[in-house]
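Just so you know, the protein sequences line up as chains A and B, in that order. Counting from 1, one number per residue, gives the positions in the first sequence under this note's numbering. Counting from 283, one number per residue, gives the positions in the second sequence under this note's numbering.
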Amino acid sequence: MFPTPIEKTSRSWQFTYQSLLPLALIMWLLPLIAVAIFSIKPAADFATGNYWGAPTSFEGLTNYMAVFTQSDMPRYLMNSFLITVPTVLGCIILSSMTGFALGVYRFKSNLLIFFMFVAGNFVPFQILMIPVRDLTLQMGLYDTKMGLVLFHIAFQTGFCTLFMRNFIRALPFELIEAARVEGIAEWRIYWFVVLPLMKPALAAMAVLVFTFIWNDYFWAVVLTQGPEAQPVTAGITSFNAQFGVAYHMLSAGSIVAALPPVAMFFLMQKHFIAGLTLGAVK
Amino acid sequence: MTGVTLSNVIKRYGETQVIHGIDLQIEDSEFCVFVGPSGCGKSTLLRMVAGLEETTEGQINIGPRDVTRLDPSDRGVAMVFQTYALYPHMSVAENMGFGLKMNGHPKAEIDQKVAAASKVLKLDDYLKRKPKALSGGQRQRVAIGRAIVRGPEVFLFDEPLSNLDAELRVEMRVEIARLHQEIGATMIYVTHDQVEAMTLADKIVVLRAGRIEQVGAPMDLYRNPDNRFVAGFIGSPAMNFLDGQITAGDVEVPGLKETVKLPVTIPSPGTQVQIGLRPEHLVMTKGDTHRVELTEALGGVSYAYLVTPTGEKIIVEERGDERSKIGDMVGLSFETDRAMLFDTQTEARIR
């Protein structure tokens with residue numbers, strides 16, 4: 001078997017492995033560990049320069065409570081949800097339809113349109129910063145959640161379409177033909193035959209887009225300002241405001257902000273069932 | 283119930299023509315089998331009848347209706363696919379009733395039709411299961427059930443048994459034959475397996491490269507093939523062909539080391555011909571012209587693979603208690619009116 005299971009290697013190699021692995025792991029996770037520890041320290045620790053030592057007192061509860069009660073964090077979190085959820089829904093609805101059209105129907109410009117969706121993914125979005133900002137300003141969407149949502153949907157749908165179209169292509173085409181012979185309308189084929197079979201792809205897509213959008217910082221900063229519309233990634237910087245950086249609050253806020261994508265992943269996990277089409281053919 | 287008529291049906295993909303003007307009349311409640319080697323266009327032709335492929339030229343009629351340009355759903359056909367194409371997220375009952383449900387039939391009617399179909403196909407115990415919990419044969423029965431519930435005028439089968447193992451294939455073959463007896467609808471069945479064609483068909487259509495080679499009842503094709511291709515395709519094991527030449531009213535066959543007199547119109551001397559002999563019409567005799575290279579004993583019959591003096595290969599069927607062994611030297615005899623003569627050039631039968 002390759003690679004050789006660690007239990008079957010020599011004693012010395014086992015020892016090396018077992019000591020190096022935790023070390024490497026800790027190094028990798030150090031920034032996260034630091035943030036976690038910072039988030040339970042009292043503010044005084046940072047004033048006295050006790051960055052890396054043990055917390056002088058456990059302030060976890062206070063810090064996290066403060067994040068929710070004494071800052072704009074709840075507002076920002078709400079904004080993040082109000083931006084991310086509609087974006088995910090919009091992307092999935094649109095891309096499952098475009099994917100169906102490009103995957104199922106043969107028409108002249110099918111491949112051309114598909115390539116345009118793909119090519120869109122290769123445009124570095126930074127170069128669009130100024131035009132997009134101008135565009136949102138002109139449309140009166142600057143500093144609105146709606147502006148961010150529309151913009152994200154437009155950008156993510158290209159990638160999602162690529163994903164969906166390829167997934168639908170991999171479905172047995174006889175399923176669609178069988179439905180057609182049975183006289184089922186095309187939109188019903190989409191809704192009752194194709195969509196249920198796409199559940200694993202939709203779940204994967206939803207998690208991916210959710211994470212992308214939730215973690216987006218660039219466009220949040222470019223297109224919004226202030227607690228009116230800014231999502232949590234941008235809003236969290238309000239902790240390093242005029243009175244200096246509140247590291248403990250910043251850390252606690254970061255951890256709160258990081259939870260939804262993680263939760264989303266675990267919630268959706270059971271939907272990533274491979275082989276859902278098992279039994280359809282052969 | 284209605285028949286199907288194809289008139290000068292042509293299919294082109296861009297410049298490439300794959301179906302070359304097919305004329306065919308399938309009678310009401312007939313079981314018609316399209317058979318031919320892979321790539322001969324039999325599946326394409328079936329899909330054209332189903333409406334899944336567009337017909338480039340010609341006309342397709344189901345009963346009196348011209349369906350050439352109709353959508354699949356308006357043609358009154360039901361199709362069973364080689365891969366079954368069951369909806370994996372629906373139970374057996376839902377699979378069978380889906381088409382009716384989507385077209386707005388009342389629930390009671392659907393339930394009743396599904397129950398009737400599942401009774402015919404012995405699927406009653408599986409109605410709640412998903413396709414993945416079924417065996418291959420059961421899945422194929424569900425696919426057939428899905429066709430039955432819609433009560434179509436014409437059933438179309440696209441190699442429905444190819445994915446099953448040998449034993450199930452025989453079982454399902456019998457099942458389909460029984461179904462045809464019971465329902466009595468017109469059925470068109472595509473297969474590359476000539477045994478399926480022989481056992482199921484009322485009428486066999488032998489196709490090659492997008493053209494009909496011959497149409498007829500199974501035994502007619504077996505006894506009286508029009509050309510070398512049909513002769514070689516129908517019958518298992520296949521007919522033996524030996525090269526020969528016409529000499530003054532006789533056929534000289536070096537592979538048999540003899541000159542044969544055949545009761546047919548002999549063409550002019552010097553014509554290159556092939557003599558066709560079915561394995562079951564050949565008898566081994568004492569002699570030393572042919573060597574037994576291999577024998578396959580199947581129990582009731584054995585097939586002896588012989589090599590002729592010219593290096594050609596012949597299969598001979600053997601019955602009875604005396605069977606040949608590898609390495610035996612034997613002679614061959616046959617009744618001359620069983621032998622068939624084909625022109626090497628045109629492959630046409632010389633009668």
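In this text, a Cβ means the ideal position worked out from N, Cα and C, and glycines have one as well. Keep in mind that this is a model prediction, so the values were computed, not measured.
Of the listed residues the options, nearest to residue i (C-alpha basis)
i, options, result
"asparagine 63(A)", "Phe265(A), Leu137(A), Ala220(A), Ile40(A)", "Ile40(A)"
"arginine 631(B)", "Thr547(B), Val598(B), Val574(B), Ile608(B)", "Thr547(B)"
"glutamate 578(B)", "Phe624(B), Ile597(B), Val589(B)", "Ile597(B)"
"leucine 208(A)", "Leu89(A), Leu30(A), Leu25(A)", "Leu89(A)"
"glutamine 420(B)", "Glu457(B), His387(B), Leu559(B)", "Glu457(B)"
"glutamate 376(B)", "Arg357(B), Phe363(B), Ala399(B), Ser355(B)", "Ala399(B)"
"threonine 337(B)", "Pro346(B), Gly345(B), Leu327(B), Gln496(B)", "Leu327(B)"
"lysine 568(B)", "Gln556(B), Pro536(B), Ser606(B)", "Ser606(B)"
"arginine 635(B)", "His387(B), Ala397(B), Gly303(B), Val286(B)", "Outside the displayed span of chain B (283 to 633) sits residue 635(B), for which this structure offers no information."
"alanine 467(B)", "Lys410(B), Thr618(B), Ile292(B), Glu312(B)", "Glu312(B)"
"proline 545(B)", "Glu617(B), Glu604(B), Phe439(B)", "Glu617(B)"
"proline 434(B)", "Thr553(B), Gln394(B), Met469(B), Ile304(B)", "Met469(B)"
"glycine 593(B)", "Pro549(B), Pro507(B), Arg294(B), Gly537(B)", "Gly537(B)"
"aspartate 342(B)", "Phe363(B), Leu306(B), Phe437(B), Arg573(B)", "At residue 342(B) the sequence reads isoleucine, which differs from the aspartate that was named. Considering only alpha carbons, the answer is Leu306(B)."
"glutamate 604(B)", "Phe437(B), Lys595(B), Ala586(B)", "Ala586(B)"
"histidine 152(A)", "Met139(A), Thr84(A), Lys108(A)", "Thr84(A)"
"alanine 201(A)", "Gln230(A), Pro227(A), Cys160(A), Lys145(A)", "Cys160(A)"
Burial state of residue i, where buried means 16 or more other Cβ atoms lie within 10 Å
i, result
"aspartate 72(A)", "buried"
"leucine 614(B)", "buried"
"phenylalanine 15(A)", "exposed"
"threonine 254(B)", "The question about residue 254(B) has no answer, for chain B in this structure spans 283 to 633."
"alanine 530(B)", "exposed"
"aspartate 216(A)", "buried"
"phenylalanine 439(B)", "buried"
"glutamate 59(A)", "buried"
"leucine 111(A)", "exposed"
"isoleucine 184(A)", "buried"
"glycine 552(B)", "exposed"
"lysine 324(B)", "buried"
"arginine 351(B)", "exposed"
"asparagine 290(B)", "exposed"
"aspartate 45(A)", "buried"
"isoleucine 26(A)", "exposed"
"isoleucine 308(B)", "buried"
"alanine 621(B)", "buried"
"glycine 582(B)", "exposed"
"asparagine 240(A)", "exposed"
"proline 22(A)", "exposed"
"serine 95(A)", "buried"
"tyrosine 105(A)", "exposed"
Cβ separation of residue i and residue j, assumed to be a contact under 8 Å, to the nearest whole Å
i, j, result
"aspartate 353(B)", "glycine 333(B)", "6 Å"
"isoleucine 236(A)", "threonine 87(A)", "With 8 Å as the limit, isoleucine 236(A) and threonine 87(A) do not qualify as a contact, their Cβ atoms being about 19 Å apart."
"valine 533(B)", "isoleucine 494(B)", "So it is not a contact: roughly 29 Å between Cβ atoms."
"arginine 169(A)", "glycine 103(A)", "5 Å"
"threonine 284(B)", "glycine 340(B)", "Not a contact, Cβ separation roughly 19 Å."
"proline 74(A)", "serine 57(A)", "Wrong, their Cβ atoms sit about 25 Å apart, outside the cutoff."
"leucine 197(A)", "proline 370(B)", "7 Å"
"arginine 510(B)", "phenylalanine 363(B)", "Incorrect: roughly 33 Å between the Cβ atoms, too far for contact."
"proline 319(B)", "arginine 490(B)", "7 Å"
Contacting residues, own chain, Cβ-Cβ under 6 Å from residue i (five flanking each side not counted)
i, result
"leucine 278(A)", "For leucine 278(A), the pLDDT reaches just 44, beneath the cut-off of 50, and the residue's location in the model is therefore unreliable, although a value from the coordinates is still provided. Closer than 6 Å at Cβ, skipping near neighbours: no residue."
"isoleucine 430(B)", "Ala399"
"methionine 129(A)", "Val222"
"glycine 275(A)", "Because the pLDDT at glycine 275(A) is just 41, under 50, the model does not fix this residue reliably, and the point stays unresolved."
"lysine 282(A)", "With a pLDDT of 46 at lysine 282(A), under the threshold of 50, the modelled position of that residue is not reliable, and no figure is offered here."
"alanine 179(A)", "Ile189, Val193"
"serine 550(B)", "none"
Contacts around residue i, its chain only, beta-carbon distance under 8 Å, and the 5 residues preceding and following it disregarded
i, result
"arginine 455(B)", "Leu443, Glu478, Thr481, Leu482"
"threonine 233(A)", "Ser80, Trp214, Asn215, Asp216, Tyr217, Ala220, Ala257"
7 Å CB neighbourhood of residue i in its chain, flanking five on each side removed
i, result
"serine 518(B)", "Gln476, Val477"
"glycine 427(B)", "Met378, Ala399, Ser400, Leu403, Leu405"
"isoleucine 6(A)", "Gln14, Tyr17"
"phenylalanine 283(A)", "Missing from the structure shown is residue 283(A); chain A here goes from 1 to 282 and no further."
"aspartate 267(B)", "No answer is possible for residue 267(B): it lies beyond the span of chain B, which begins at 283 and ends at 633."
"valine 472(B)", "Phe316, Lys324, Ser325, Leu328, Phe439, Asp440, Glu441"
"glutamate 453(B)", "Gly419"
"histidine 302(B)", "Ile292, Gly492, Arg493"
Please go through the stretch 338-376 of chain B and give each complete beta strand (DSSP E) segment of 3 or more residues, from N-terminal end onward.
If we require 3 residues or more, the beta strand (DSSP E) runs fully inside the stretch 338-376 of chain B come out as 339-344, 359-362.
Starting from the N-terminal side, write out each stretch of the alpha helix (DSSP H) that is 4 residues or longer and does not extend beyond the stretch 199-278 of chain A.
Restricting attention to alpha helix (DSSP H) runs no shorter than 4 residues, the stretch 199-278 of chain A encloses them at 199-215, 218-223, 232-235, 247-268, ordered along the chain.
Within the stretch 375-462 of chain B, ranges of the alpha helix (DSSP H) (whole runs, at least 4 residues)
With a minimum length of 4 residues, the continuous alpha helix (DSSP H) runs that stay inside the stretch 375-462 of chain B are 389-402, 418-431.
Taking only runs that begin and end inside the stretch 149-185 of chain A, name each unbroken alpha helix (DSSP H) of 4 or more residues, in chain order.
Taking only runs of at least 4 residues, the alpha helix (DSSP H) segments lying wholly in the stretch 149-185 of chain A are 173-181.
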